[in-house]
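Beneath this line is the structure, given in structure tokens, with notes to follow.
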Amino acid sequence: MARDRDPGREIVPAVQKLRIQHAKRDRLRFTSHRDFQRAFERALKRAGVPMAYSAGFSPHPKISYANAAPTGVASEAEYVEIGVVQIVDPEKLLAVLDEVLPPGLDILAVVEARTPDFVARLEASHWSIELPGTSQETLQGALDAFMSESEVLVDRLTKSGIRTFDARTAVIRANVEMGADCAILQVVVRHGVPAVRPDDVLAALKKVADFAQEIPPRVTRLAQGPLLEDGWSVGDPFTLDREATQA
Amino acid sequence: MTVQSVFPALEQLLPRVQKPVQYVGGELNAVVKPWDDTIVRWCLMYPDAYEVGIPNQGVQILYEVLNERADTLCERTYAVWPDLEKLMRENGVPQFTVDAHRPVGAFDALGVSFSTELGYTNMLTAIDLAGVPLHAVDRDETHPLVIAGGHAAFNPEAISMFIDGAVLGDGEQAVLAITDIIAEFKSEGSPGGRDELLMRLAKSGVMYVPAFYDVEYLEDGRIRRVSPNRPGVPWRVAKHTVMDLDEWPYPKAPLVPIAESVHERMSVEIFRGCTRGCRFCQAGMITRPVRERSMTTIADMVANGLEKTGYEEIGLLSLSSADHSEIAEIAKGLADRYEDTQTSLSLPSTRVDAFNIDLANELSRNGRRSGLTFAPEGGSERIRKVINKMVTEEDLIRTVTAAYASGWRQVKLYFMCGLPTEEDEDVLQIARLAHEVIKAGREASGRKDIRCTVSIGGFVPKPHTPFQWAAQLDHETTDSRLYKLRDAIRQDREFGKSIGVRYHDGKPGVVEGLLSRGDRRVGKVIEQVWRDGQRFDGWSEHFSYDKWMAAAEIAFADEAVDVNWYTIRERDLSEVLAWDHLDSGLDKEWLWDDWQDALSEVEVDDCRWTPCFDCGVCDHMGTEIQVGPTNAVMLPMPVIPSRVVANSGT
Numbered sequence: 026m027a028r029d030r031d032p033g034r035e036i037v038p039a040v041q042k043l044r045i046q047h048a049k050r051d052r053l054r055f056t057s058h059r060d061f062q063r064a065f066e067r068a069l070k071r072a073g074v075p076m077a078y079s080a081g082f083s084p085h086p087k088i089s090y091a092n093a094a095p096t097g098v099a100s101e102a103e104y105v106e107i108g109v110v111q112i113v114d115p116e117k118l119l120a121v122l123d124e125v126l127p128p129g130l131d132i133l134a135v136v137e138a139r140t141p142d143f144v145a146r147l148e149a150s151h152w153s154i155e156l157p158g159t160s161q162e163t164l165q166g167a168l169d170a171f172m173s174e175s176e177v178l179v180d181r182l183t184k185s186g187i188r189t190f191d192a193r194t195a196v197i198r199a200n201v202e203m204g205a206d207c208a209i210l211q212v213v214v215r216h217g218v219p220a221v222r223p224d225d226v227l228a229a230l231k232k233v234a235d236f237a238q239e240i241p242p243r244v245t246r247l248a249q250g251p252l253l254e255d256g257w258s259v260g261d262p263f264t265l266d267r268e269a270t271q272a
Numbered sequence: 011m012t013v014q015s016v017f018p019a020l021e022q023l024l025p026r027v028q029k030p031v032q033y034v035g036g037e038l039n040a041v042v043k044p045w046d047d048t049i050v051r052w053c054l055m056y057p058d059a060y061e062v063g064i065p066n067q068g069v070q071i072l073y074e075v076l077n078e079r080a081d082t083l084c085e086r087t088y089a090v091w092p093d094l095e096k097l098m099r100e101n102g103v104p105q106f107t108v109d110a111h112r113p114v115g116a117f118d119a120l121g122v123s124f125s126t127e128l129g130y131t132n133m134l135t136a137i138d139l140a141g142v143p144l145h146a147v148d149r150d151e152t153h154p155l156v157i158a159g160g161h162a163a164f165n166p167e168a169i170s171m172f173i174d175g176a177v178l179g180d181g182e183q184a185v186l187a188i189t190d191i192i193a194e195f196k197s198e199g200s201p202g203g204r205d206e207l208l209m210r211l212a213k214s215g216v217m218y219v220p221a222f223y224d225v226e227y228l229e230d231g232r233i234r235r236v237s238p239n240r241p242g243v244p245w246r247v248a249k250h251t252v253m254d255l256d257e258w259p260y261p262k263a264p265l266v267p268i269a270e271s272v273h274e275r276m277s278v279e280i281f282r283g284c285t286r287g288c289r290f291c292q293a294g295m296i297t298r299p300v301r302e303r304s305m306t307t308i309a310d311m312v313a314n315g316l317e318k319t320g321y322e323e324i325g326l327l328s329l330s331s332a333d334h335s336e337i338a339e340i341a342k343g344l345a346d347r348y349e350d351t352q353t354s355l356s357l358p359s360t361r362v363d364a365f366n367i368d369l370a371n372e373l374s375r376n377g378r379r380s381g382l383t384f385a386p387e388g389g390s391e392r393i394r395k396v397i398n399k400m401v402t403e404e405d406l407i408r409t410v411t412a413a414y415a416s417g418w419r420q421v422k423l424y425f426m427c428g429l430p431t432e433e434d435e436d437v438l439q440i441a442r443l444a445h446e447v448i449k450a451g452r453e454a455s456g457r458k459d460i461r462c463t464v465s466i467g468g469f470v471p472k473p474h475t476p477f478q479w480a481a482q483l484d485h486e487t488t489d490s491r492l493y494k495l496r497d498a499i500r501q502d503r504e505f506g507k508s509i510g511v512r513y514h515d516g517k518p519g520v521v522e523g524l525l526s527r528g529d530r531r532v533g534k535v536i537e538q539v540w541r542d543g544q545r546f547d548g549w550s551e552h553f554s555y556d557k558w559m560a561a562a563e564i565a566f567a568d569e570a571v572d573v574n575w576y577t578i579r580e581r582d583l584s585e586v587l588a589w590d591h592l593d594s595g596l597d598k599e600w601l602w603d604d605w606q607d608a609l610s611e612v613e614v615d616d617c618r619w620t621p622c623f624d625c626g627v628c629d630h631m632g633t634e635i636q637v638g639p640t641n642a643v644m645l646p647m648p649v650i651p652s653r654v655v656a657n658s659g660t
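Here it is in structure tokens:
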């Protein structure tokens, strides 16, 4: 006579899916993905979003997260999809959700999901890597050395031990800019398995050109989305949904 | 003089430490005020890791109460882990607040909330990292006042050389009174400096200032006398008691951290104080009398808190929540209100009676019934009389039977080892009790997969309780009793596999005992062990018994006392106790009589339902018991239209 939650209780199906683009800025870039998930779910509650829940003994709100930026890395292009049981106005959701989230976790755009395969559309990321205390010349030299290679193997410590993989092929485009107190490496990286992350690119620069920094870099994901026709620009992954909505 | 954020410097260290998010702040409902717009600046500290400290209700309440004042700002700081501490020292980054990352040394007051004595070493780290001299005597006008609060502040003698003051009891009105005094003093241009400010605080009675009292000792090490060393300072400093919790419905906007914490729920305190009279329980003794929050205020706090936090779970807090005079109505009312939401309610359920099962059933109406917790505390009928935990074995069996019968699968039972007069047999009775629990549970539920977990820890005698005179059990005997119990349960062929045992070894209890009944001489041990690198004593992976004992050896080298003297020695009525000049309201004679009653196994009733038995608190403090029922009715929640649904207006 177990009195567990009734698995046969009525499940209200999702009537709409919404895709949300959000930023992770400033000091909240130190938020881990788990931290963000918890904060986001509570924000949905505070915003009164009519979430759809999964079936089973411990129902979870229907939320899918895609390609979260690493802890410590800021982002202007994180993507989440939610399922709701009442039709939600994307503009209202944007305004209310942004209002209930702390500054630094900011909602940038919301569209109604009208097209399939959203995650597959996230083909590449544009990262901006600020390197305080590094000169433009030093960085350019290291980048040139890196780009002239066809393969640069780097190691990453994972839960299952050290994994070695190529960090060069995924880099589609890279250039150096000058910032206020730093040199900035702009790099477009194609998503793959394993995903090459900004710290892998820096590890590769260190390997080919002994490039190292005293001060930790400040990294921001500026964009994430489909690769455009030029082969290296990162487009807006919401374009197809917007077009479908207008049509 | 405006104060700069240390964040730019800290930011460079964060990529190199574990869980950096705990140092960045940004909690929902946190408050940051312009420095120059305020006169009095408080920094509150919970001296443990952020994940433990952030849910602390005391800090959250005072944070809000202080920030509501226009002339005051209040920020928070927590203990930094050794990885960050090392980097901060190497890079000259001082102890900082998480709100605006201001340096702690720039504030007027640093209030440290001690739920346990095991936070003392972490306070020293924070003071030192803040650039504030470790010893109060070395501080000047440029340094914050270091003020201890919380339960452990009822005997702050062991840390008296590191603090400027201690506040006893409820903090809400006390922090405001202290703020008034600091504001007035500063607006006068700080005449007479730090000494004058402390004198004003001491004279007002709001705060105990250890520096204004001298302690003399007898040759055998006992205290001869504690007396004020200047005129105008009270002989005894009294605790503060907030009457009418409905007037103080804090926290109104609970802090919700981005980082994960040990309590992922919202807490609402439903009453303060407890008069059950369990003789081991310091909390029950020092927080008298019972003051209930009304059902209406509780319901409002729950509704408001859920809206402001987005939490999915609410804990109804108090020392014994089932004892609220309208708990049944509260539980039913809240369960009705939130029936169709994903919100769950929890009640720290420690009272052993069938009524508690009805309550637990109500609260889990549409949730999963996994485990229930009860605290019989003592294994034998006899020892339960000694500690005044009035639960018979029959009560316990009836209660757990009801629990298993209504679908609960696991029952957790809390006990203590090392209680006064305890023999091996008293602890071994726990094995028999657990056996009977499983037997009754299998009969009641008709299933074999029910479980019982026995959780047992060493008892530490605490100040301001009838057991303040008792000898603590040495850790060797504690451990041997725990092992005997564990073996006895393992040897239970019939049900042993259904019974789990969790126990904590006796060594940390020795250090806790030394600190909780310590006097000013113990301060040297704390400083020594901290200098030897000891931190985070509440964490088993950081705690080192050997380091503490080695430090005590050095610190007590020229004293007539040692660790055993503080812990396993029984005191008598004539001895001056280190905390006698700190007034919890309890009459010392009454405590002594209660101690004698304990030894004769005589129980005492709860004064909420029987005539007053003159513990002294209400008479002495001018307080009274405040209990319902109010006979109010909790109405269903109005349905608030979602702001995000299409065509919902606005």
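Protein chains in written order, with my numbering: chain W, 26 to 272; chain X, 11 to 660.
We put the CB at the ideal spot given by N, CA and C, even for glycine.
(message) Once the 5 residues before and after residue 197 of chain X are set aside, which same chain residues still bring their CB inside 8 Å of it?
(response) 49
(message) For residue 169 of chain W and residue 159 of chain W, what's the separation of their Cα atoms in angstroms?
(response) 16 Å
(request) Go ahead and label residue 587 of chain X buried or exposed: buried means 16 or more other beta carbons lie within 10 angstroms of its beta carbon, across all protein chains shown. (result) buried
(message) One question on the structure: do residue 465 of chain X and residue 424 of chain X come within less than 7 Å of each other, judged by their Cβ atoms?
(response) yes
(request) Check the C-beta distance from residue 228 of chain W over to residue 133 of chain W and give it rounded, since I have them as a contact under 8 Å. (result) Wrong, their Cβ atoms sit about 30 Å apart, outside the cutoff.
(message) Using a Cβ-Cβ distance cut-off of 7 Å, determine whether residue 466 of chain X contacts chain W.
(response) no
(message) Short of 6 Å in beta carbon distance, which residues of its chain neighbour residue 69 of chain X, apart from the five on each side in sequence? Order them along the chain.
(response) 54, 56 and 123
(message) Is there a Cβ of chain X sitting closer than 7 Å to that of residue 27 of chain W, yes or no?
(response) Note that residue 27 of chain W scores 33 on pLDDT, short of 50, meaning its location in the model is unreliable and no value can be drawn from it.
(request) Consider the Cβ of residue 393 of chain X: report whether some Cβ of chain W lies at a distance smaller than 7 Å. (result) no
(request) Return the Cβ separation of residue 381 of chain X and residue 422 of chain X in integer angstroms, given the expectation that the two are a contact with Cβ distance under 8 Å. (result) Contact between residue 381 of chain X and residue 422 of chain X holds: their C-beta atoms lie close to 6 Å from each other, under 8 Å.
(message) Output needed in chain order: residues of the segment 95-122 of chain W with a Cβ under 8 Å from some Cβ in chain X.
(response) 96, 97, 111, 112, 113, 114, 117, 118, 121 and 122
(message) Can you find the residues in the same chain that come closer than 6 Å, C-beta to C-beta, to residue 390 of chain X, ignoring five residues on each side of it along the sequence?
(response) 436 and 439
(message) For residue 27 of chain W and residue 399 of chain X, what's the separation of their Cα atoms in angstroms?
(response) At residue 27 of chain W the pLDDT is 33, less than 50, meaning the model places this residue with poor confidence; the figure from the coordinates comes in the next sentence. Looking at the two C-alpha atoms, the distance is approximately 32 Å.
(request) Reducing DSSP to helix, strand and coil, say where residue 49 of chain X ends up. (result) coil
(request) With 7 Å as the threshold, decide whether the Cβ of residue 678 of chain X is near any Cβ in chain W. (result) Residue 678 of chain X is absent from the model: chain X starts at 11 and stops at 660.
(message) Please report whether the beta-carbon of residue 354 of chain X lies at a distance below 7 Å from any beta-carbon of chain W.
(response) no
(request) Please name the residue in W/269, W/101, W/235 and W/113 whose C-alpha comes closest to that of residue 654 of chain X. (result) W/113
(request) Identify, in the order they occur along the chain, each residue of the same chain with its Cβ nearer than 7 Å to the Cβ of residue 31 of chain W, setting aside the five sequence neighbours on each side. (result) For residue 31 of chain W, the predicted model reports a pLDDT of 48, less than 50, meaning its position is unreliable; a value from the coordinates is still stated below. Taken in chain order, the list of residues that qualify is empty.
(request) From the DSSP output, in three-state form, read off residue 21 of chain W for me. (result) Nothing about residue 21 of chain W can be reported from this structure: the residues present for chain W run from 26 to 272 only.
(message) Below 8 Å on C-beta distance, what does residue 74 of chain W contact in chain X?
(response) 652 and 654
(request) Go to residue 509 of chain X, then tell me how far its beta strand (DSSP E) extends in each direction, as first and last residue. (result) 509-513
(request) Using a Cβ cut-off of 7 Å (strictly closer), state whether residue 53 of chain W contacts chain X. (result) yes
(request) Use the C-beta contact count for residue 606 of chain X: other C-beta atoms within 10 angstroms, 16 or more gives buried, fewer gives exposed. (result) exposed
(message) List, in chain order, every chain W residue whose beta-carbon is nearer than 9 Å to that of residue 24 of chain X.
(response) What residue 24 of chain X touches in chain W: 52, 55, 97 and 241.
(message) Between which two residues does the beta strand (DSSP E) holding residue 103 of chain W run?
(response) 99-109
(message) Using C-beta distances below 7 Å, list every residue in its chain close to residue 36 of chain W, excluding the 5 sequence neighbours before and after it, in chain order.
(response) Within the same chain, and ignoring the five residues on either side of residue 36 of chain W in sequence, the residues whose Cβ sits closer than 7 Å to its Cβ are 80.
(message) So if I threshold CB-CB distances at 9 Å, which residues from the segment 128-160 of chain W count as touching chain X?
(response) 128, 129, 130 and 157
(request) Entirely within the segment 47-105 of chain X and at least 3 residues each: give me those beta strand (DSSP E) ranges in chain order. (result) 50-56 and 82-88
(message) According to DSSP, is residue 210 of chain W part of a helix, a strand, or is it coil?
(response) strand
(message) Mapping the DSSP letters down to three states, classify residue 127 of chain X as helix, strand or coil.
(response) helix
(message) If distances are taken between C-alpha atoms only, which option among X/591, X/624 and X/431 comes closest to residue 578 of chain X?
(response) With distances taken between CA atoms, residue 578 of chain X lies nearest to X/431 out of X/591, X/624 and X/431.
(request) Give a yes or no on whether 7 Å exceeds the smallest Cβ distance from residue 102 of chain X to chain W. (result) Chain W, which has no Cβ nearer than 7 Å to the Cβ of residue 102 of chain X, makes this no.
(message) I want to verify the contact list: residues of chain W whose CB lies under 7 Å from the CB of residue 38 of chain X, in sequence order.
(response) The contacting residues are 127.
(request) Using DSSP bridges, identify the partner residues of residue 266 of chain X. (result) X/38
(request) Leaving aside the five residues before and after residue 561 of chain X along the sequence, list all residues of the same chain whose C-beta is less than 7 Å from its C-beta, in chain order. (result) 535, 538, 539 and 542
(request) Express the C-alpha separation of residue 533 of chain X and residue 203 of chain W in angstroms, rounding to a whole number. (result) 55 Å
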